[in-house]
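In this text, residue positions in the sequence shown follow the working numbering: the first is 63, and each later residue adds one.
Input: a single structure, listed below in C-alpha cells.
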Amino acid sequence: MIIHGCALTREELGQVKDAGAKLVWSPQSNLRLYGQTTPVADALELGIPVGLGADWLPSGSTSLLAELKVAARALAHQSHRPAPRRLVEMVTSTAADIAGLAGQLGTLAAGRPADVVVLERRREDPYESVVAADPSWVQLVMIDGDLAYGRADWLSELVDPADRGRLEPVLAWGTPMLLDTSFRALPASPQLPPTMAQLRAALITHYPQVGPIFA
C-alpha cells in the first residue's frame with residue numbers, strides 16, 4: 063500500500079500496478095503542504111485501486127465529505143471526471159479492500175457491522191448526492207449498530223428510554239441534534255465517557271486554531 067505517492071510518474075504508477083500495490087490519496091493535505099498532489103487520474107486509468115483519506119487535521123480536510131469535493135476538483139484539473147459512484151467507493155468498498163477488510167467492511171450487508179450514515183438526498187443520483195453533501199446534510203450516524211448522532215426527533219424515538227440520559231443535545235447547522243459520546247464505552251470502565259464539551263476542550267488545548275465542531 064502506498065500512501066500519497068505524490069512524486070510518482072505515470073511510468074512508476076505502471077510499476078505500482080504491475081506489483082499489485084494500492085494507493086491511498088489525501089489531495090487536500092498534499093496541496094496545502096506541497097502545492098501539488100498525486101497524478102491519480104493516471105492511477106485510475108491504469109486500474110490501480112485508490113482509497114481516499116483526509117490525512118490529518120492540521121492540513122487535511124475536516125471530513126471525508128469535504129475530501130470528496132477536493133478529490134473531484136483535483137481530478138477535474140487532471141482532465142479526469144470519474145462517476146460519483148467511483149468517488150464514493152474510494153471511501154467505502156475500495157477503501158475497505160485496500161485495508162484488507164473487504165470481507166467485513168465497506169458495504170451494507172447482512173452479518174456485517176451496521177456502520178451507517180443517513181444523508182439528506184438533494185440530487186437525483188444518490189452517489190452524486192453523497193459527493194455534494196456537507197455535514198449539515200447528516201441526519202443520522204450509526205456505528206456497529208450503536209446510534210451515535212442524529213436528529214433529535216429521530217433519536218428520541220429510536221433510543222431506548224433507559225439510555226436517553228446519555229444523549230447530549232447539540233445545535234448543528236441550525237438543527238437540534240443529539241449526540242451519544244458513550245456509544246463505544248467499555249462496560250468495565252470506571253470512568254464516565256467524556257462529553258462533547260470536554261472532548262472539544264481537550265482538542266483545543268493541542269490545536270488552538272480548531273474552530274467550532276458544529277456550526
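Glycine included, C-beta positions come from ideal geometry on N, C-alpha and C.
Can you find the residues in the same chain that come closer than 7 Å, C-beta to C-beta, to L217, ignoring five residues on each side of it along the sequence? In its chain, beyond the 5 residues on either side, L209, L229 and L240 have a beta carbon closer than 7 Å to the beta carbon of L217.
To the nearest angstrom, how far is the alpha carbon of G162 from that of T156? A direct Cα-Cα distance of roughly 10 Å separates G162 from T156.
Can you tell which of A234, W235 and D242 has the C-alpha that lies nearest to the C-alpha of D222? With distances taken between Cα atoms, D222 lies closest to D242.
Host beta strand (DSSP E) of P231 (start-end): It spans E230 to A234 - the beta strand (DSSP E) in which P231 sits, taken as one unbroken run.
So I65 and V86 are supposed to be a Cβ contact under 8 Å. How far apart are they, rounded? Right, the Cβ-Cβ distance comes to about 5 Å (below 8 Å), so this counts as a contact.
Whose C-alpha, out of A134, S141 and H139, is nearest the C-alpha of V150? For the options A134, S141 and H139, the alpha carbon positioned closest to that of V150 is the one of A134.
From the DSSP output, in three-state form, read off T267 for me. In this structure, T267 counts as helix in the three-state DSSP scheme.
What residues match up with G212 in a beta bridge as DSSP calls it? Residue pairing by DSSP puts G212 in a beta bridge opposite L202 and L240.
So what's G207 in DSSP terms, helix, strand or just coil? G207 sits in coil when the DSSP states are folded into three classes, being neither helix nor strand.
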